[in-house]
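Enquirer: Pasting in a structure now, in structure tokens, and then I'll have a few things to ask.
In the working numbering, the protein residues as written are 29 to 208.
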């Protein structure tokens with residue numbers, strides 16, 4: 029999906045974040061936070077990602093090319109939302125439930141973006157977990173990048189939907205007579 033260079037405004041992004049935080053989560057742990065990047069902040073993210081590749085692939089014969097490719101990745105979108113997993117200190121919180129809730133928050137954000145005519149897609153990759161990127165984002169101990177949401181205005185026709193197994197092949201019906 030191609031995105032134009034004109035970024036959505038903060039007033040267009042905020043409702044997407046509000047949709048995200050409405051995701052269900054046990055005990056209202058709200059295991060998320062969001063870092064919204066544009067302009068120079070996207071360039072700086074690219075630098076951090078490039079430096080992570082430089083460290084991880086030191087000595088590679090094509091190191092500079094790998095670094096340049098990684099630096100350019102964030103430039104694919106005029107806005108990037110770093111969705112951060114925040115562990116809960118709630119006594120009844122379960123990490124697995126919080127991570128599922130975070131996934132629901134991300135899906136809410138994506139659905140809200142598409143409903144408003146914006147384009148959004150997920151990117152993560154190894155750099156999301158690199159110390160250089162964590163430092164750039166200012167993550168606290170225990171926090172993790174769950175995903176980068178690339179956000180913008182679509183250019184051209186959307187790509188065809190990727191192939192999925194039909195729901196009927198992944199669904200079991202019990203108690204229905206007859207089963208659909």
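Where is the CB? At the ideal position from N, CA and C, for every residue including glycine.
The structure presented is a predicted model; accordingly, all values stated were derived computationally and were not measured.
Could you tell me which uninterrupted alpha helix (DSSP H) segments, each at least 4 residues in length, are contained entirely in the stretch 75–116, listed from first to last along the chain?
Expert: Within the stretch 75–116, the complete alpha helix (DSSP H) runs of at least 4 residues are 91–100.
Enquirer: Classify residue 189 as buried or exposed, calling it buried when 16 or more other Cβ atoms lie within 10 Å of its own Cβ.
Expert: Residue 189 should be labelled exposed.
Enquirer: Count the other CB atoms, across all protein chains shown, that sit within 10 Å of the CB of residue 57; report buried if there are 16 or more and exposed otherwise.
Expert: Flag for residue 57 reads buried.
Enquirer: Threshold first: 3 residues or longer. Then list the beta strand (DSSP E) segments lying entirely within the stretch 122–189, N to C.
Expert: Those beta strand (DSSP E) runs which fall completely within the stretch 122–189 and span 3+ residues are 147–151 and 172–180.
Enquirer: When burial is assigned at 16 or more other CB atoms within 10 Å of the CB, is residue 294 buried or exposed?
Expert: As shown, the chain starts at 29 and ends at 208. That puts residue 294 outside it, with no answer to give.
Enquirer: With a CB to CB cut of under 7 Å and the five nearest residues on each side skipped, what residues in its chain are close to residue 98?
Expert: Around residue 98: 77, 78, 81 and 155.
Enquirer: Using the beta-carbon count (16 or more within 10 Å), is residue 74 buried or exposed?
Expert: Per the 10 Å Cβ criterion, buried.
Enquirer: Counting pairs of Cβ atoms below 8 Å between the stretch 57–68 and the stretch 110–125, do you hit three or more?
Expert: Yes, the stretch 57–68 touches the stretch 110–125.
Enquirer: Assess contact between the stretch 139–147 and the stretch 84–96, defined as three or more Cβ pairs (one per stretch) separated by less than 8 Å. Is contact present?
Expert: Touching, no, given that fewer than three Cβ pairs across the two stretches are closer than 8 Å.
Enquirer: Would you please state the rounded distance, in angstroms, between the beta carbons of residue 113 and residue 172? I believe it to be under 8 Å.
Expert: Yes, they are in contact, since the Cβ atoms of residue 113 and residue 172 sit about 5 Å apart, within 8 Å.
Enquirer: Quick check: the Cα distance between residue 194 and residue 170, rounded to an integer number of angstroms?
Expert: Distance between the alpha carbons of residue 194 and residue 170 is about 37 Å.
Enquirer: Is the CB-CB distance between residue 104 and residue 31 below 8 Å?
Expert: Against a cut-off of 8 Å, the Cβ pair of residue 31 and residue 104 comes out as a contact.
Enquirer: Please identify the residue among 160, 176 and 135 whose C-alpha is closest to the C-alpha of residue 101.
Expert: Here the closest residue by C-alpha is 176.
Enquirer: What is the residue span of the beta strand (DSSP E) that residue 56 lies within?
Expert: Run containing residue 56: none; DSSP gives neither H nor E here.
Enquirer: State yes or no: is the C-beta of residue 130 within less than 8 Å of the C-beta of residue 174?
Expert: Yes, the Cβ-Cβ distance between residue 130 and residue 174 is below 8 Å.
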